[in-house]
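Numbering (full-length UniProt numbering), first residue to last: 1 to 301.
The beta carbon of each residue, even a glycine, is placed where N, CA and C say it ideally should be.
All figures in this text were calculated on a predicted structure; none of them were measured in a lab.
This report concerns only the one structure given below.
Written out as structure tokens, the structure is:
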């Protein structure tokens with residue numbers, strides 16, 4: 001093992017010790033990550049929960065050195081065994097990170113696959129775009145167990161039957177919903193409906209902002225209603241996130257379980273996450289202005 005690799009390994013171990021030892025949070029190089037860890041601890045306290053075991057595994061993806069500087073891209077898998085009351089569950093997250101070293105000392109370290117990045121597809125304005133005419137919509141029974149099975153199978157992998165996006169959160173969620181049997185509609189108009197066909201897709205399939213507005217007003221195919229209490233969500237339901245509170249919706253998750261208080265635990269892509277607490281206070285994208293939309297997926301009879 002090279003000296004550089006050993007330095008990064010020790011840094012990884014130090015960073016993730018802070019999840020069980022709060023005093024170690026300063027080991028993170030960036031303030032937004034330190035603040036996210038602090039919020040996670042406070043959220044755990046509020047929920048009367050604690051991380052009783054922290055498992056970390058990492059691997060070097062690539063290394064580039066020049067002059068006295070080294071740039072290391074690496075992946076980290078973090079598993080938290082969380083106890084809440086008498087209930088135990090495992091939360092998992094995979095991060096793609098970059099460490100920058102000068103003279104064998106880490107001077108910066110940050111996450112590359114961050115939540116809250118705006119989608120780069122050139123999408124039109126969405127509020128009016130999904131005013132579909134009511135037609136003889138195909139019926140479906142939403143299979144929530146199938147949604148959860150799909151979400152668990154692919155939370156840290158990419159189904160080769162679909163395109164993989166750099167910001168993959170909504171593409172993954174759409175796949176989960178589709179696995180539950182929800183009917184697609186709107187092909188081939190990308191600005192209409194919700195669909196994936198012949199390696200083409202609607203904006204609502206892959207863009208968080210577009211899916212949020214589609215779920216609010218769809219008349220054909222996939223059908224949902226907004227609820228105002230996350231406790232009312234069931235497995236297979238959807239949460240949309242506007243981290244900045246500016247009505248630009250940037251992230252989407254799917255409910256796969258509930259914690260001991262009946263609050264949602266979610267899976268997601270971009271920062272690949274499993275059984276994560278729904279509010280995302282542990283995300284660097286979180287701000288005090290965050291807005292959520294809670295959508296209960298309906299059967300269409």
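- According to the DSSP assignment, residue 43 belongs to the alpha helix (DSSP H) that extends over 31-46.
- In this structure, DSSP gives residue 149 a helical state, which the three-state scheme calls helix.
- The beta-carbon distance between residue 264 and residue 278, rounded to whole angstroms, is 4 angstroms. This is short enough to meet the 8 angstroms contact definition.
- For residue 255, the enclosing beta strand (DSSP E) covers residues 251-258.
- The count of Cβ pairs closer than 8 angstroms, one atom from the stretch 241-255 and one from the stretch 284-299, reaches three, so the stretches are in contact.
- Counting only the Cα atoms, residue 118 lies some 29 angstroms from residue 56.
- With a beta-carbon spacing of about 6 angstroms, residue 255 and residue 235 fall inside the 8 angstroms limit used to define contacts.
- Here residue 157 is exposed: its Cβ has fewer than 16 other Cβ atoms, across all protein chains shown, within 10 Å.
- Under a 10 Å Cβ-count criterion, residue 301 is classified as exposed, with fewer than 16 other Cβ atoms of the shown protein chains found around its own Cβ.
- Listed in chain order, the non-local C-beta contacts of residue 174 below 6 angstroms within the same chain comprise 205, local neighbours out to five positions each way being set aside.
- Under the three-state reduction of DSSP output, residue 231 falls in the helix class.
- Going by DSSP, residue 4 is part of the alpha helix (DSSP H) stretching over 3-17.
- Listed in chain order, the beta strand (DSSP E) elements of length 3 or more contained wholly in the stretch 32-116 are 49-66, 69-84, 87-102 and 105-111.
- In this model, residue 200 and residue 170 are separated by some 15 angstroms (Cα to Cα).
- Under the 8 angstroms Cβ criterion, the stretch 60-71 does not count as touching the stretch 40-47, having fewer than three qualifying pairs.
- Scanning its chain for C-beta atoms nearer than 7 angstroms, with the 5 sequence neighbours on each side dropped, one finds around residue 208 the residues 119, 169, 170, 240, 249, 250, 251 and 252, in chain order.
- Bounds of the beta strand (DSSP E) holding residue 277 are 272-277.
- Membership of residue 290 in any alpha helix (DSSP H) is not indicated, and neither H nor E is assigned to it by DSSP.
- A residue is called buried when at least 16 other Cβ atoms come within 10 angstroms of its Cβ; residue 68 does not meet this threshold and is exposed.
- Around the beta carbon of residue 245, fewer than 16 other beta carbons lie within 10 angstroms, which makes this residue exposed.
- When beta bridges are read from the DSSP output, residue 185 appears opposite 194.
- Taking the C-beta atoms as reference points, residue 140 is found nearer than 7 angstroms to residue 181.
- Across the set 86, 105, 100 and 76, the C-alpha of 76 shows the shortest separation from the C-alpha of residue 93.
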